[in-house]
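Worksheet: the structure to be examined is printed underneath.
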Amino acid sequence: MAVRTPVYWDGSSIAEMSASQITAIKQRCVYLFGGSGRPVNLTYDAGNSAVGMRRMIDTRDTAGAATNNTTSFANNSPPSTNDGAASTTYDYVDLSQTDGSPTETADTNNIAFPLYIESTGVFRSMTRDDMYDTFINDAIDLLVDGNDRDGTYRVSTQPTTLANHTRVNSNPIFVDKRYDASGVHGGATGTSTQDILPLTGGVDDPVTITSFYLWRTNQGASYGTPSIEIPLQTDTDENLVTYSPSEFDDLLESLIFYSAAFRTNYIIHYNFEAAGVDAQVITDNVSTPKQRGDAIIDTTLNAQVRINDQDADNYRSQNLPTGSAEVETTYTLKIYRK
527 MAVRTPVYWD GSSIAEMSAS QITAIKQRCV YLFGGSGRPV NLTYDAGNSA VGMRRMIDTR
587 DTAGAATNNT TSFANNSPPS TNDGAASTTY DYVDLSQTDG SPTETADTNN IAFPLYIEST
647 GVFRSMTRDD MYDTFINDAI DLLVDGNDRD GTYRVSTQPT TLANHTRVNS NPIFVDKRYD
707 ASGVHGGATG TSTQDILPLT GGVDDPVTIT SFYLWRTNQG ASYGTPSIEI PLQTDTDENL
767 VTYSPSEFDD LLESLIFYSA AFRTNYIIHY NFEAAGVDAQ VITDNVSTPK QRGDAIIDTT
827 LNAQVRINDQ DADNYRSQNL PTGSAEVETT YTLKIYRK
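Mapped onto the working numbering, the consecutive letters of the sequence shown carry residue numbers 527 to 864.
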């Protein structure tokens, strides 16, 4: 197995492909991966029990327990708020890697693949491994390089429109919520005397901050529809013939689909990596995991405010979450080879 230089008919003679012509075929592989038949896909699991991907957790601060007496606020000692005491698990992204059950192209007569010229000047058909080394391996690396490549997935805060992408589902895969400080105490940061809701210890009063959605990059987003030179092959009568465009597309597609699904070290994989409270590092990779889209951020509040409320002889005090956002965990969708 080795990197080969295929030959093609240039209109007047047989010529070896240039480096740029070989690169165009690799880009054509990326384009083909963007079609509907790709084997590696992320889908939305409405049951919140997806497989193949790590779950994420949204955490929220909750109010402390209220204290009261019949004399004065000074006699109250309300406990502190509860940092990150409430949580919601998000496990909505499902990974499938063998959709369509792709198979490798057969090469029964050793003539299925393009011709190249040996050093002795003899035409010889490439092997399947030559095809991988010449075109497919580099095409897989393009697909996992972290850019918006055809048929790959990314996260975005955009709910309805994202250029050159198709939304996987109208439901978000994660929602960052925080305690609704403005709704209860106007966002006050110091002791405030006002009417308060009849809260109890541990109450969770969330408001949505940011929603995150799953999107797929459209076919043609990377390189348009790459135009390529079609190589020569040998037919069963040992004639040199040019593949039809559809035949050569089918050949490339079968090899890149099979690689992405089954070839060790070239299987395309996704997972969520996390930094912070709920940290986790991807460890099953053979290429460096690359971030796909917006980071998913779980935030809480960084302070508390004491609220005093007097009704006749009932002096009631409670500490409620307030302040600025603080990051608990940052989740990122990563793509890589394994």
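Positions of the beta carbon are idealized from the N, C-alpha and C atoms, including for glycine.
With a cut-off of 8 angstroms on the beta carbons, I'd call T825 and D702 a contact; round off their distance for me. 6 angstroms
Is it right to say E779 is buried, meaning 16 or more other beta carbons lie within 10 angstroms of its own, or is it exposed? Buried, since its Cβ has 16 or more Cβ neighbours within 10 Å.
Taking P757 and P640 to be in contact with their CB atoms under 8 angstroms, please state how far apart those CB atoms are, rounded to whole angstroms. 4 angstroms
C-alpha gap between P605 and T597, whole angstroms: Cα to Cα, P605 sits roughly 19 angstroms from T597.
So the alpha helix (DSSP H) D621 belongs to, where does it begin and stop? Note that residue 621 is Leu in the sequence shown, not Asp. Per DSSP, L621 belongs to no alpha helix (DSSP H); it is in the beta strand (DSSP E), V619 to S622.
By Cβ distance below 7 angstroms, which residues in the same chain neighbour Y749 in space, the five residues on each side in sequence not counted? Q553, V556 and Y557
What residue from Y857, T683 and G672 has the CA that sits closest to S869's CA? No information on residue 869 is available, as it lies outside the stretch 527 to 864 that the chain covers here.
Determine, using beta-carbon pairs with one atom in the stretch 845-852 and one in the stretch 606-614, whether at least three such pairs fall under 8 angstroms. yes
Along the alpha helix (DSSP H) that carries R654, what are the first and last residues, could you check? R654 to M657
Residue interval of the beta strand (DSSP E) (run including K703): F700 to Y705
Report yes if the CB atom of M579 is closer than 8 angstroms to the CB atom of V529, and no otherwise. no
Leaving out five residues on either side along the sequence, give the residues of the same chain with a beta carbon under 8 angstroms from the beta carbon of E644. R650
Looking at the unbroken alpha helix (DSSP H) that takes in A611, where does it start and where does it end? From DSSP, A611 is part of no alpha helix (DSSP H) but of the beta strand (DSSP E) over N608 to Y616.
Report the three-state DSSP secondary structure of F649 (helix, strand or coil). In the structure shown, F649 sits in a strand (DSSP, three-state: E or B).
Exposed or buried, L669, counting other C-beta atoms within 10 Å across all chains shown (16 or more means buried)? buried
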